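Data block below; observations after.
There are 4 protein chains.
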Amino acid sequence: MTRPPQEPATQTPDAGGPAHPPKRDQIMAGARRAFFASGFEATSMGEIARKAGVSKGTLYVYFDSKEALFTALVEEMRGQCAEQLTAVDAADPDVARALTTYATQLILRLSAPDHIRLLRMVIAAADRFPAPAQNFYRAGPCHGAAIVSGYLRNLHAAGRLHLSDPERAAWQFNAMVMVPVMSGVLMGDRSAPDAAEAEAMARGAVETFLAAFPLIDQPGS
Amino acid sequence: MTRPPQEPATQTPDAGGPAHPPKRDQIMAGARRAFFASGFEATSMGEIARKAGVSKGTLYVYFDSKEALFTALVEEMRGQCAEQLTAVDAADPDVARALTTYATQLILRLSAPDHIRLLRMVIAAADRFPAPAQNFYRAGPCHGAAIVSGYLRNLHAAGRLHLSDPERAAWQFNAMVMVPVMSGVLMGDRSAPDAAEAEAMARGAVETFLAAFPLIDQPGS
Amino acid sequence: MTRPPQEPATQTPDAGGPAHPPKRDQIMAGARRAFFASGFEATSMGEIARKAGVSKGTLYVYFDSKEALFTALVEEMRGQCAEQLTAVDAADPDVARALTTYATQLILRLSAPDHIRLLRMVIAAADRFPAPAQNFYRAGPCHGAAIVSGYLRNLHAAGRLHLSDPERAAWQFNAMVMVPVMSGVLMGDRSAPDAAEAEAMARGAVETFLAAFPLIDQPGS
Amino acid sequence: MTRPPQEPATQTPDAGGPAHPPKRDQIMAGARRAFFASGFEATSMGEIARKAGVSKGTLYVYFDSKEALFTALVEEMRGQCAEQLTAVDAADPDVARALTTYATQLILRLSAPDHIRLLRMVIAAADRFPAPAQNFYRAGPCHGAAIVSGYLRNLHAAGRLHLSDPERAAWQFNAMVMVPVMSGVLMGDRSAPDAAEAEAMARGAVETFLAAFPLIDQPGS
DNA sequence: AATGAATGAGCTTTCATTCAT
DNA sequence: CATGAATGAAAGCTCATTCAT
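Residue numbers (this note's numbering), protein chains in the order written: chain A, 1 to 221; chain B, 1 to 221; chain C, 1 to 221; chain D, 1 to 221.
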């Protein structure tokens with residue numbers, strides 16, 4: 001079920017273009033602003049050039065096409081996926097608290113407007129060029145599942161939890177955390193939750209999860 | 001958390017357009033085929049007109065714009081959401097089996113290529129005109145949560161299950177059912193599961209769910 | 001050696017476009033002026049639209065592409081090839097005079113600026129899309145050879161000339177007529193000849209031709 | 001009628017450009033390959049630079065513009081015109097054989113794909129910058145006529161042929177040789193002839209030519 | 001001299017929309 | 001109501017040319 005975030009799918013490699021001068025970053029910054037403002041289809045190369053402060057021709061010195069530029073942008077942003085930034089505090093002896101904190105952070109980051117925008121763009125483009133969505137998926141949901149499953153595995157090894165399939169449990173946990181709020185935000189039916197609401201939803205998920213996979217009390221502690 | 005599938009959000013009302021003559025259906029049919037074949041942006045009004053067998057001008061007699069046509073189409077398709085078509089068999093005394101059957105159907109319908117296409121289109125458009133996505137969300141995920149929460153509420157009333165928040169539990173159940181496979185399909189990282197795989201995933205979700213919310217044995221049966 | 005001017009080579013049929021309204025002629029007229037002014041590559045669709053007095057979009061209602069428009073134009077002009085317009089006066093009993101008159105006309109028409117322009121365009125395009133050049137060749141040089149060979153065949157049948165290969169003789173006659181002046185005009189090394197010069201060159205060709213294929217005196221005339 | 005291949009017409013003199021360093025030859029070689037591969041318009045300066053192995057900027061150190069580079073290339077290739085490479089064997093006592101051999105070679109060289117390419121390019125450009133075409137014409141057809149007329153003049157001086165206008169006769173001979181096959185090849189209606197076909201056409205031209213200008217038998221030989 | 005990054009005008013083509021018939 | 005010809009704005013992309021290094 002889990003896909004390791006390795007070997008990202010590629011479609012249109014950057015091809016030529018100068019190695020990595022500041023102009024490239026300038027273009028990426030302009031592209032980020034432009035794509036985030038209007039989405040992939042509705043953003044024109046002219047708009048990107050204007051926002052980047054370079055000529056339209058320069059865009060094509062660094063990127064072969066609009067698709068390639070978008071792909072490179074998503075690639076660059078993989079490292080900022082909500083799931084990449086959120087970890088479970090393995091040092092916290094209070095498992096419920098650790099999971100709740102993690103889940104709260106995840107909800108807040110996943111539902112941040114910029115993240116939603118990126119997600120929408122990437123999904124929208126998935127029909128025509130799947131590489132960005134695939135890479136994003138592996139760096140995001142798959143990575144998130146790996147983080148949680150690793151944590152659960154450790155708990156299991158420590159005898160604090162009984163789990164037959166940590167990976168499945170991790171996906172289920174993350175699913176319960178995100179879906180109730182993320183789906184509404186993604187579909188434009190509600191806005192991002194504030195911290196209090198996020199924590200409440202996190203609690204709900206943790207509660208159900210620990211009911212299904214009860215912690216084993218440590219005799220000596 | 002749940003949004004009742006009532007009062008659909010509107011953005012671009014159909015304005016003029018005859019009430020419901022056969023020509024309108026003809027256009028809708030053409031639009032459905034065209035949009036599903038190529039997505040919103042890549043579909044031209046000319047293509048729709050050709051597929052519908054009417055002139056381009058006629059399109060504008062019934063719909064104010066391409067957006068309005070798309071919105072109307074999504075509106076019309078609300079009734080065919082995966083969640084609208086899938087029910088829990090309340091008559092089945094075997095709750096685990098009823099839930100597994102439901103979840104299997106849901107997975108298969110949600111990951112069907114046409115459904116994925118529609119979902120992508122609707123998400124892609126959510127930035128620029130949110131109405132379709134909202135309506136779709138309410139008729140889909142919200143409706144699905146309502147179905148399950150209703151079923152759970154009945155079980156609770158029958159004393160077969162103890163639940164403090166049936167709605168929350170319903171969202172969590174649906175989340176565990178869909179996410180592990182849907183997210184991969186939606187992001188283009190995997191293809192739709194076959195019946196066997198769908199059932200396996202359904203079992204996994206039901207197992208965890210019933211571990212968290214254990215059934216109460218009926219003494220007299 | 002001769003290619004019958006039948007079944008013209010096609011490459012990009014006109015495809016859609018309204019049947020044959022005045023707008024189409026308007027576009028063709030604009031295209032003619034524009035292409036003749038600058039050649040195929042150097043003429044832009046915008047320039048054609050301006051010269052035709054229509055919008056750029058309208059061009060594409062009638063023609064699929066710039067190539068298709070050019071091909072249609074050459075097609076239309078086939079009928080105005082120099083060779084199509086020039087005939088040998090079979091009624092003239094003075095063969096030398098008939099041939100000289102024909103050759104003079106041919107030289108004048110072939111070296112007319114418009115004809116040279118068209119020829120250059122068609123040759124220039126022959127690499128990328130050969131259909132126009134082929135059609136032009138069949139309607140031009142091949143047709144011209146057919147006219148002369150027909151005339152020669154009649155002379156032969158009438159016993160006025162002995163010829164083993166009328167077609168070959170016809171090509172040779174036409175070659176002698178056109179090359180000395182046409183090649184210089186086509187290559188931009190000289191301008192079109194006036195009537196006097198054209199007649200002088202015609203005489204030269206006829207003289208040599210009749211030296212090679214002497215007329216047989218009619219005993220009874 | 002004949003233009004001596006002297007003082008080539010110039011239009012865009014090379015201006016700056018170092019006299020003749022190896023880099024210049026390198027560029028010319030790249031330009032030759034590029035122009036021959038794609039024609040004048042379809043060849044970009046970038047392509048030339050790549051094929052030449054120099055930077056785009058360097059191109060402009062040696063040549064003022066794309067046109068100037070093309071002009072210089074055609075200039076340089078004058079020496080390789082088909083007509084420059086083909087001579088009549090004045091030592092051969094068999095005039096018909098000498099002419100046939102010459103004509104066969106000429107046909108083969110003129111219809112060679114590279115020659116056709118060059119001819120098309122030069123004709124295509126003749127409208128916008130006439131110098132290349134003029135130079136090509138003088139080095140080609142004019143030179144060819146000069147070769148033949150010189151040969152004929154010698155025959156005349158030797159009493160083997162009676163000719164009032166050797167130059168005119170030379171043009172007519174060359175015309176009969178090339179036109180029947182060259183025109184078809186140039187217009188894309190047929191491919192280059194093989195040696196056998198070329199010789200057959202050569203024989204046809206020589207036969208007619210010698211019928212028009214019969215050889216005078218040498219009494220003492 | 002040589003480079004190659006940068007430019008910006010210009011290209012062909014598409015398309016949602018309008019409107020006279 | 002229905003048509004389809006006509007539009008014009010804009011899109012992605014190319015390329016000859018320049019210039020600071």
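Ideal placement from N, C-alpha and C gives every residue a C-beta, glycine not left out. Since the structure is predicted, the reported quantities are computational estimates derived from the model, not experimental observations.
Report the neighbours of residue i on chain B: residues whose CB is nearer than 8 angstroms to its CB, in chain order.
i        : result
A/Arg281 : Absent from the model: residue 281 of chain A. The displayed extent of chain A is 1 to 221, so no value can be given.
Could you check if residue i is buried or exposed, using at least 16 other CB atoms within 10 Å of its CB as the buried criterion?
i        : result
C/Gln218 : exposed
A/Ala196 : exposed
A/Glu83  : buried
A/Leu186 : buried
C/Gly57  : exposed
D/Asp189 : buried
C/Gly53  : exposed
C/Ala15  : For C/Ala15, the pLDDT reaches just 49, beneath the cut-off of 50, and the residue's location in the model is therefore unreliable, leaving the point undetermined.
A/Leu144 : Checking the sequence, you will find Gly at residue 144 of chain A rather than Leu. When all chains shown are included, A/Gly144 counts as buried.
B/Gly159 : exposed
D/Ser111 : buried
C/Ala98  : buried
B/Pro228 : Lying outside 1 to 221, the shown extent of chain B, residue 228 of chain B is not represented and no answer is given.
C/Ala131 : buried
D/Ser55  : exposed
Please report the straight-line C-alpha distance between residue i and residue j, rounded to a whole angstrom.
i        : j        : result
A/Phe70  : A/Arg117 : 13 angstroms
D/Val225 : D/Ala124 : With chain D covering only 1 through 221, there is no way to say anything about residue 225 of chain D.
D/Phe213 : D/Ala169 : 9 angstroms
C/Cys81  : C/Val122 : 13 angstroms
C/Asp165 : D/Met45  : 50 angstroms
A/Met28  : A/Glu76  : 9 angstroms
D/Gln172 : D/Thr208 : 11 angstroms
C/Asp25  : C/Arg32  : 10 angstroms
A/Pro113 : A/Asp89  : 26 angstroms
A/Gly184 : B/Asn135 : 11 angstroms
A/Phe129 : C/Ser191 : 57 angstroms
D/Gly39  : A/Val179 : 60 angstroms
D/Lys66  : C/Ala146 : 42 angstroms
C/Gln105 : C/Ala200 : 12 angstroms
B/Glu167 : B/Pro21  : 41 angstroms
C/Leu152 : C/Pro93  : 13 angstroms
C/Ser149 : C/Phe63  : 38 angstroms
Flag this pair as yes or no: are the beta carbons of residue i and residue j separated by less than 8 angstroms?
i        : j        : result
D/Thr86  : D/Val206 : no
B/Arg109 : A/Ala126 : no
A/Lys51  : A/Ala72  : no
A/Leu59  : A/Ala49  : yes
C/His162 : C/Ile107 : no
C/Arg78  : C/Ala37  : no
B/Val177 : B/Pro193 : no
D/Ala96  : D/Leu210 : yes
D/Ala133 : D/Ala202 : no
A/Ala157 : B/Ala175 : no
C/Glu41  : D/Glu41  : yes
Under 7 angstroms between beta-carbons, which chain A residues line up against residue i? List them in chain order, please.
i        : result
B/Thr101 : Simply none; closest approach about 19 angstroms.
B/Gln134 : Met187, Gly188 and Asp189
B/Glu41  : Glu41
B/Thr226 : Absent from the structure is residue 226 of chain B, since the part of chain B shown begins at 1 and ends at 221.
Just to make sure I have the definition right: I need the residues of chain D whose C-beta is within less than 9 angstroms of the C-beta of residue i. Which are they?
i        : result
C/Ala200 : Near C/Ala200 there are no residues of chain D at all, since even the closest Cβ is about 10 angstroms away, more than 9 angstroms.
C/Val179 : Pro141, Trp171, Gln172, Asn174, Ala175, Met176, Met178 and Val179
Run down chain A in chain order and give the residues with a C-beta less than 8 angstroms from the C-beta of residue i.
i        : result
B/Ala211 : Ala211, Ala212 and Phe213
B/Thr86  : Within chain A, no residue comes near B/Thr86; the closest Cβ sits about 17 angstroms away, beyond 8 angstroms.
Say yes only if the C-beta of residue i is nearer than 7 angstroms to one or more non-hydrogen atoms of the ligand MN, and no if none qualify.
i        : result
C/Ala200 : In terms of ligand content, the structure shown is empty, and the ligand MN therefore cannot be addressed.
I want to verify the contact list: residues of chain D whose CB lies under 8 angstroms from the CB of residue i, in sequence order.
i        : result
C/Ser183 : Tyr137 and Pro141
So residue i contacts chain D; which residues on that side make the cut at Cβ distance below 7 angstroms?
i        : result
C/Gly204 : Arg168
What residues from the segment 149-169 of chain A come within 8 angstroms of chain B, judged by C-beta to C-beta, listed N to C?
Asp165, Arg168 and Ala169
Relative to chain C, which residues along the segment 111-129 of chain D have a C-beta separation below 7 angstroms, given in chain order?
Arg120, Ile123, Ala124, Ala126, Asp127 and Arg128
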